[in-house]
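S.K.: Quick one: the structure is below, questions incoming.
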Amino acid sequence: MKKALFLYWTGTGHTRHLVTEAAARLEQEGLYSPTLFEVKGDSLPVSLLPYDLVVFSYPVYAFNLPGHYAKFLKQLNFKEGNSFLILKQSGEPIALNNASSYPLIASIKRSGRPFLGEYHFLYPYNIHFRYPDDFVKEILNYDDLLLDILVDNLQKGTVRRFPYNPLWHFISFLFRIQRLGARINSRFYAIDPSKCVLCRKCIAGCPMGNIALKDGKVLFGRKCEMCMRCSFLCPKDAIGIGLLKGWKVNGAYDLAAIGKDTSLQGQYSFAFHKGFYSWFNKVVQNVRDEHAARFGKYV
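Below is the structure:
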């Protein structure tokens with residue numbers, strides 16, 4: 212079987228969930244034997260030579276690649292790759308998120324190697340506000356449909372691309388200020404001593420190694436990517452996220468349990484959603500229709 216390398220960045224685990232699901236599907240279909248590599252702050256460049264396919268996967272941060280992930284990718288020799296694929300995920304389906312992959316696609320083009328397409332998956336927010344479980348079930352169902360389409364495209368050699376938009380590119384470039392903002396904001400992160408039990412989960416989990424324990428106190432450095440892993444996964448909700456305190460979400464979504472929960476309908480009621488959730492209607496319906504046209508039924 213051909214070999215695939217998944218190079219991924221994850222904050223609160225949603226991209227890891229996506230990569231795990233995608234890798235399992237590619238292996239199940241006999242397409243690729245997967246190797247998963249999580250990029251962290253201390254990760255060294257890897258050789259792409261042993262792999263038939265290199266899959267880049269990441270969460271969209273302010274319409275861009277996560278800052279350190281972008282730096283890591285610049286160290287790779289893309290000419291060592293045989294073919295490339297992009298799997299990105301975000302908490303909303305707006306088209307501007309697709310500008311995040313422009314620098315990555317440019318590197319692939321310069322390599323002269325085949326580009327097998329890009330896919331935009333949806334996951335719940337880990338900042339701003341919490342998604343209700345029934346809506347999470349709906350977007351997980353959407354992701355399942357998109358995975359079916361991904362596998363079918365790989366089998367048929369069909370490349371899925373998003374159109375290039377120079378305005379999106381410009382706006383995305385402006386929003387890279389988020390990377391600096393993350394480092395500034397992290398100076399205002401703080402621990403609530405009345406809640407913290409010094410479990411050190413935030414220290415062990417930080418992908419940038421940005422959190423340390425000194426003299427019995429949890430301290431935050433200046434390498435923050437604002438991935439929200441520390442505050443989102445803190446078992447005691449003891450971490451304040453500085454200037455963004457009004458946007459904090461605490462507590463992991465149990466994606467596996469939500470996906471299996473038959474009491475959650477997830478029946479593609481997107482057409483009935485209002486306000487923010489109405490953004491999902493058209494994108495989800497398009498994928499639903501594409502899936503029905505290919506496979507004849509919904510799953």
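Following our numbering, the residues of the sequence shown are numbered contiguously, the last one being 510. Where a beta carbon is used, it is the ideal one built from N, C-alpha and C, also for glycine. The structure displayed is predicted, hence computed values, not measured ones.
Looking at the structure shown, is Val510 part of a helix, part of a strand, or coil, going by DSSP?
M.R.: In this prediction, Val510 scores a pLDDT of 48, lower than 50, which makes its location untrustworthy; no coordinate-derived value is stated.
S.K.: Decide if Ile473 is buried, meaning its Cβ has at least 16 other Cβ atoms within 10 Å, or exposed.
M.R.: Residue identity differs from the one stated: residue 473 is Thr in this sequence, not Ile. Exposed.
S.K.: Check whether the stretch 421-437 touches the stretch 483-490, taking contact to mean three or more Cβ pairs, one atom from each stretch, closer than 8 Å.
M.R.: no
S.K.: Taking C-alpha atoms, which residue in Tyr269, Leu307 and Leu260 lies nearest to Leu287?
M.R.: Leu260
S.K.: From which residue to which residue does the alpha helix (DSSP H) around Gly328 run?
M.R.: Careful: Gly328 lies outside any alpha helix (DSSP H), inside the beta strand (DSSP E) at Phe326 to Leu333.
S.K.: Taking its Cβ as the centre, do 16 or more other Cβ atoms sit within 10 Å of Val370, making it buried, or is it exposed?
M.R.: The residue is exposed, with fewer than 16 neighbouring Cβ atoms inside 10 Å.
S.K.: Who are the near neighbours of Pro325 in its chain, counting only those whose CB is closer than 6 Å to its CB and skipping five residues on each side?
M.R.: Ser294
S.K.: Can you determine whether any heavy atom of the ligand ZN sits closer than 8 Å to the C-beta of Glu501, and answer yes or no?
M.R.: The ligand content of the structure shown is nil, which means the ligand ZN is not present either.
S.K.: Verify whether the separation of the beta carbon atoms of Phe217 and Ser268 is less than 9 Å.
M.R.: yes
S.K.: Within the stretch 453-491, note down every full alpha helix (DSSP H) run reaching 4 residues or more, in order along the chain.
M.R.: The stretch 453-491 contains, as complete alpha helix (DSSP H) runs of 4+ residues, the segments 466-471 (chain order).
S.K.: So who's on the other strand from Thr246, going by DSSP bridges?
M.R.: Leu216
S.K.: Of the residues Cys417, Lys459, Lys425 and Gly457, which one's Cα is nearest the Cα of Gly441?
M.R.: The sequence given here has Cys at residue 441, not Gly. Of the listed residues, the one whose Cα sits closest to Cys441 is Cys417.
S.K.: Beta-carbon within less than 8 Å of Asn308's beta-carbon, same chain only, minus the 5 sequence neighbours each way: which residues are those?
M.R.: Val271, Phe274, Lys299, Ser301 and His331
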